[in-house]
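Residue numbers (this note's numbering): 433 to 539. A quick write-up on the structure given underneath.
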Amino acid sequence: MLAGYLLAGCGGERVSPVTLEQLAASAPAFNGELVETEGVVRRFEDPEHYWLEDDAINRVAVTPKSAVRDHVGDSLRVVGRFSYHPAEGRRIEIDPAATAALRASAR
Numbered sequence: 433m434l435a436g437y438l439l440a441g442c443g444g445e446r447v448s449p450v451t452l453e454q455l456a457a458s459a460p461a462f463n464g465e466l467v468e469t470e471g472v473v474r475r476f477e478d479p480e481h482y483w484l485e486d487d488a489i490n491r492v493a494v495t496p497k498s499a500v501r502d503h504v505g506d507s508l509r510v511v512g513r514f515s516y517h518p519a520e521g522r523r524i525e526i527d528p529a530a531t532a533a534l535r536a537s538a539r
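Here is the structure:
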C-alpha cells in the first residue's frame, strides 16, 4: 500500500528506500534517483541551510527550506530527488506530494 502512495505521489516513478549511510557511501550511484530516507533535521544559520543527519553523522542537504524549517531537531522521513556533485555535495529536493503520502500512510 505504501508503494502505491509513493508511486502515485511521484507520477508513477519508483522510489528507492535508502539510508543516509548508503547515500553518503554511494552518492554517484543514486544521482538523479527518487529516494526515501530518514534523518534528524539540522540547521545552519549563515547562510541558512538545512540537512538530514544520522547518528554516524552522514549528512544530506535538503531543499526547499520551507519543507523542513519547522522540524529542526526532529527525525523526519522524506521522499525526493537526490543529486550529487563532487564540488557541491549531496542534496535531496523534497517532493511534497510524495512526502505527504508517506506521512499519511504511516498513521
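Quick reminder that beta carbons are idealized off the backbone N, C-alpha and C, glycines included. Being a predicted model, the structure only gives us computed values, none of them experimental.
Rounded Cβ spacing between I526 and V492 (contact assumed at less than 8 Å): That belief does not hold up - the Cβ atoms of I526 and V492 are roughly 11 Å apart, past 8 Å.
Spatial distance of A499 from A461 (CA atoms): 25 Å
Start-to-end residues for the beta strand (DSSP E) that takes in R415: Residue 415 lies beyond the stretch modelled for the chain, which goes from 433 to 539, so this question has no answer here.
Residue from V467, G464, I489 and L466 with nearest C-alpha to V473: I489
Cβ separation of E485 and G464, assumed to be a contact under 8 Å, to the nearest whole Å: With a Cβ gap of about 23 Å, E485 and G464 do not count as contacting.
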